[in-house]
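Sequential numbering of the sequence shown, starting at 1, is according to the UniProt record's numbering. All residues carry an ideal CB built from backbone N, CA and C; glycine is no exception. Computed from a predicted structure; not experimentally measured.
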Amino acid sequence: EARAEATPEVLDKTFGQLLDQTAAMTNYPGLLVEEELEQLMTPFVQGLVAEVDKLYGVNHQLLKLATRCRAEALKEKQEKAQMKDRIQELQTEVTNNEQEIAVLREALKERGQQLDGLRSAYHREVVQVKEHMVEAIANKGPNLDAEDV
1 EARAEATPEV
11 LDKTFGQLLD
21 QTAAMTNYPG
31 LLVEEELEQL
41 MTPFVQGLVA
51 EVDKLYGVNH
61 QLLKLATRCR
71 AEALKEKQEK
81 AQMKDRIQEL
91 QTEVTNNEQE
101 IAVLREALKE
111 RGQQLDGLRS
121 AYHREVVQVK
131 EHMVEAIANK
141 GPNLDAEDV
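Below you can see the structure in the form of structure tokens.
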């Protein structure tokens, strides 16, 4: 309650008036109060300025780091987009290659069938030639010439 009563009195006065009141209460002349105040406040203010300077330096370093991180993040994002594009290109190439392989397999299958037909025809021809030779040998008997064979 005493504090609540003193508050309006303190709030209504300026800082200079409060200094004068304190000096009057303690029998200090006003100049001594100012010197005392300066001795108390100077190290505090100097420390405060040093802390602000440190914070400014740290903030500057953090801003530089944040700028570098943003640049690296942008670079990584671009690289990721390039990788996605490259993956898409490779997937398209794989699809095209699979289609080409299917076409080539079909062509190879047809070529194999053609070769099977040629082999069969060749085999039939060889068999027919051998049969003709056997018939020729059988028809000529012992009088067979080398030219007939």
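Can you give the Cα-Cα distance for Q21 and Q61, rounded to whole angstroms?
47 angstroms
What's the C-alpha gap between D12 and L18?
Straight-line Cα distance between these residues: approximately 10 angstroms.
State the DSSP-derived secondary structure class of K13, mapped to helix, strand or coil.
coil
For K130 and I101, I'd like the C-alpha separation in whole angstroms.
42 angstroms
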